[in-house]
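K.L.:
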Amino acid sequence: MDFRTAIYKYCNYQERCHQDVRNKLYDLGARKDQVETLIADLIGDNLLNEERYARAFVRGKFRLKKWGRKKILQELKLHKISEYCVKKGMSEIDANEYDSVLNQLCVKKWRELNRETNEFNKKGKVYRYLLQKGYEQDLISDAINQLLESGS
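First residue of the sequence shown: 1, per UniProt numbering; consecutive thereafter.
(1) Quick one: complete alpha helix (DSSP H) runs, 4+ long, within the UniProt domain "RecX third three-helical" (99-144)?
(2) Measure the C-alpha to C-alpha separation of Lys32 and Asp20 and round it to an integer number of angstroms.
(3) By the DSSP assignment, the alpha helix (DSSP H) with Cys17 in it spans what residues?
(4) With a threshold of 16 other CB atoms inside 10 Å of the CB of Glu119, please say whether the residue is buried or exposed.
(5) Mind checking Arg128: buried by the 16 CB within 10 Å criterion, or exposed?
(6) Once the 5 residues before and after Glu50 are set aside, which same chain residues still bring their CB inside 8 Å of it?
(7) Does the Cβ of Ile13 have 16 or more other Cβ atoms within 10 Å, making it buried, or fewer, making it exposed?
(8) Just the Cα atoms here: how many angstroms apart are Tyr53 and Lys88?
(9) Let me confirm a value: Tyr135 is counted as buried when at least 16 other C-beta atoms fall within 10 Å, else exposed. Which label applies?
(10) Which class does Lys80 belong to by DSSP, given the choice of helix, strand or coil?
(11) What is the DSSP secondary structure of Gly29, reduced to helix, strand or coil?
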């Protein structure tokens with residue numbers, strides 16, 4: 001099998017991290033020496049760049065899926081992205097935009113729970129939802145308190 005053609009197509013389709021490429025090559029049946037050679041070739045041809053991957057990953061997960069920093073960080077670590085690239089990627093999140101998205105999600109979830117009459121339960125459900133999305137506990141509490149103060 002021509003691993004080179006297959007992996008070049010795989011990397012041309014979208015940004016990939018080293019671990020994804022390594023896993024794909026092993027799935028295709030490549031040996032360890034072939035895997036490392038192909039990864040070096042991909043890096044040399046600028047088809048594989050972990051910093052670029054981390055930046056694209058963070059932008060996508062934050063802007064499209066509305067994930068919080070904690071969930072994004074956890075996913076990057078699962079992909080074995082270096083600390084340096086993680087920091088570069090996380091710098092793609094603007095603090096003001098982050099707060100705005102968190103507040104929007106908080107308001108949206110609060111309104112979805114309009115049948116819930118017990119405010120304590122409602123706060124708990126919104127809190128857990130935002131926690132599951134990867135937002136920080138203190139920021140979630142602030143967003144819920146701000147929502148309650150505004151009377152939405």
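Here a beta-carbon is modelled for each residue, glycine too, at the ideal position from N, C-alpha and C.
In this text, all values refer to a predicted model and were calculated from it rather than measured experimentally.
P.N.:
Let me spell this out:
(1) 119-132
(2) The alpha-carbon atoms of Lys32 and Asp20 are separated by roughly 14 Å.
(3) Cys17 -> no alpha helix (DSSP H), and no H or E assigned at all.
(4) exposed
(5) exposed
(6) Only residues of its own chain outside the window of five on either side were considered, and among them Cys17, His18, Ile81, Ser82, Cys85 have a CB closer than 8 Å to the CB of Glu50, listed in chain order.
(7) Per the sequence presented here, residue 13 reads as Tyr, with Ile not at that position. Exposed, because fewer than 16 other Cβ atoms sit within 10 Å of the Cβ of Tyr13.
(8) 10 Å
(9) Buried: at least 16 other Cβ atoms inside 10 Å.
(10) coil
(11) coil
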